[in-house]
Amino acid sequence: MSVECEASVRSARRADVPPLTDLRVGYLAEMARLEPRLRLLPDVRERTVHALPVWIDQDDRILIVAEVPGVLWGYAPGVATVWPPILRNQHVGEVSELYVHPDARGRGVGRLLLARLTAALRDLGAVVLRAPVPVGNHDSLTRFGAIGYRPLQLVLQRSLEED
Ligand SMILES: CC(C)(COP(=O)(O)OP(=O)(O)OC[C@H]1O[C@@H](n2cnc3c(N)ncnc32)[C@H](O)[C@@H]1OP(=O)(O)O)[C@@H](O)C(=O)NCCC(=O)NCCS
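Residues in the sequence shown are numbered consecutively from 34, following my numbering.
Now the structure itself:
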């Protein structure tokens, strides 16, 4: 059952970069725990500090944050692309990441972030949404499946180091 969410959502600003960096490093670390093949470089924090202002400034990117006054609870970046360019109707809105701080989960923040990101991607011309999700993230696969997302392609991987 839905409850009214205490958080509000808006586009990220440059002043959000420090708390957003903490959230994103939290997201990436959580994904790496679920899928060890997605393990992180040691300088992931510095890379994130540099990437976020670029995302904020790019016209084809969206970066939504959820906040209660003074605190960011989550974020959702997306990008509008045409992929692959040889197929029809492939104006894609990618839900690149979606993250809510563990202490703020289960209150509708994720739903609110995704709704705002979806609307913004539609405004940029997207006709389909895609979300890359690690195969080990069963919770996320279940949630996306419940709201109509279906597998399109599997990215297969094998190691060359063990040959
Ligand atoms: C996924 C995530 C963003 C959800 O955030 P949240 O704020 O806790 O989610 P919400 O409270 O908005 O709940 C969203 C919906 O999921 C439902 N839900 C909650 N737990 C669920 C579960 N285990 N399986 C299926 N649905 C579930 C809720 O009931 C709600 O549905 P509703 O809109 O019908 O009420 C959060 O758990 C997270 O950051 N996880 C780690 C990162 C991650 O996996 N991101 C996903 C992209 S890879």
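No residue lacks a Cβ here, since even glycine has one placed at the ideal position from N, Cα and C.
Predicted model only: the values in this text are computed from it and were never measured.
Cross-strand partners of residue i (DSSP beta bridge)
i: Glu127; result: Val112 and Arg163
i: Ala99; result: Val42 and Gly107
i: Tyr132; result: Tyr108
i: Gly155; result: First, the residue type needs correcting, since residue 155 is Arg and not Gly in the sequence shown. Paired residue(s): none; Arg155 is not in a bridge.
i: Arg94; result: Val112
CB-CB length for residue i against residue j, believed under 8 Å
i: Gln190; j: Arg78; result: With 8 Å as the limit, Gln190 and Arg78 do not qualify as a contact, their Cβ atoms being about 26 Å apart.
i: Tyr108; j: Leu56; result: 5 Å
i: Ala113; j: Asp93; result: 5 Å
i: Leu85; j: Leu131; result: No, Leu85 and Leu131 are not in contact; Cβ-Cβ is about 16 Å, not under 8 Å.
Within the chosen definition, does the segment 94-105 reach the segment 135-153 through at least 3 CB pairs nearer than 8 Å? In short, these stretches touch, since the Cβ pair count reaches three.
Would you call the segment 150-160 and the segment 112-126 touching, i.e. three or more CB-CB distances under 8 Å? Contact annotation: the segment 150-160 touches the segment 112-126, with at least three C-beta pairs closer than 8 Å.
Within the structure, which residues are defined as neighbours of ligand 1 by a Cβ-heavy atom distance below 6 Å, reported in chain order? This selection yields Ser35, Tyr60, Glu63, Leu131, Tyr132, Val133, Arg138, Gly139, Arg140, Gly141, Val142, Gly143, Arg144, Val166, Asn170, Asp172, Ser173, Thr175, Arg176 and Ala179.
Decide yes or no for the touch test of the segment 62-69 against the segment 108-117: beta carbon pairs closer than 8 Å, at least 3 of them. Taking one beta carbon from each stretch, the segment 62-69 and the segment 108-117 have fewer than 3 pairs nearer than 8 Å; the two do not touch.
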